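Below: one structure, written as structure tokens.
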Amino acid sequence: MNRNRLGPRALAFPLLTALLMAVTPLGFTQTARAADPCGTNPADYVGVTYRVIAPAVIIRLTFLAGGKFEYELEDGVVHQGTYTATPQELTLISESTDHSDFRGCDGTSATPGFLAFPGALAVRST
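The working numbering puts the sequence shown at residues 36 to 161.
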């Protein structure tokens with residue numbers, strides 16, 4: 036008798052889906068825990084520092100009051116920019132404009148644990 040077995044590829048998508056549902060405030064069958072999910076309000080970021088990990092560069096990114104942020108390059112030079120946060124995305128504006136693809140929320144904080152941008156990942160520093 037030939038039994039059908041699920042291979043690693045068949046299990047990858049359900050496992051990824053479960054992981055994403057665990058770190059986001061909204062899952063396929065869950066409802067929002069508040070009117071504004073984590074990271075959708077500019078105040079959710081004030082005073083928080085993230086470490087941006089991108090190919091060949093590590094940057095510290097600190098959010099300030101009034102929709103401003105600072106980022107420090109590896110050589111110690113500090114630059115400034117502005118940011119906006121909406122339910123759809125976090126937008127950083129400095130020399131260029133970057134839009135987040137995904138915000139990782141654990142359900143215990145209004146501040147995302149990580150931010151995903153095209154080509155970079157920002158992890159909240161403790």
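All C-beta atoms in this analysis are idealised placements derived from N, C-alpha and C, irrespective of residue type, glycine included.
Since this is a predicted model, take the numbers as computed values, not measurements.
How would you label D136, buried or exposed, when you count the other beta carbons within 10 angstroms and need 16 or more for buried? Stepping through the sequence shown from its first residue, residue 136 is reached at position 101. So D136 ends up on the exposed side.
Once the 5 residues before and after T190 are set aside, which same chain residues still bring their CB inside 7 Å of it? Residue 190 lies beyond the range of the chain shown here (36 to 161); nothing can be said about it.
Could you check whether R159 and V112 sit closer than 8 Å to each other, using their CB atoms as the reference points? Taking the first residue of the sequence shown as position 1, residue 112 is located at position 77. Taking the first residue of the sequence shown as position 1, residue 159 is located at position 124. Annotated as distal: V112 and R159, with beta-carbon spacing of 8 Å or more.
What would DSSP say about A145, mapped onto helix, strand or coil? Within the sequence shown, the letter at position 110 stands for residue 145. Note: A145 maps to coil in three-state DSSP.
Beta strand (DSSP E) segments (min. 3 residues) lying fully within the region 79-145: Every unbroken stretch of the beta strand (DSSP E) spanning 3 or more residues and falling wholly within the region 79-145 is given here in chain order: 84-89, 92-99, 103-107, 113-120, 125-128, 132-134, 137-139.
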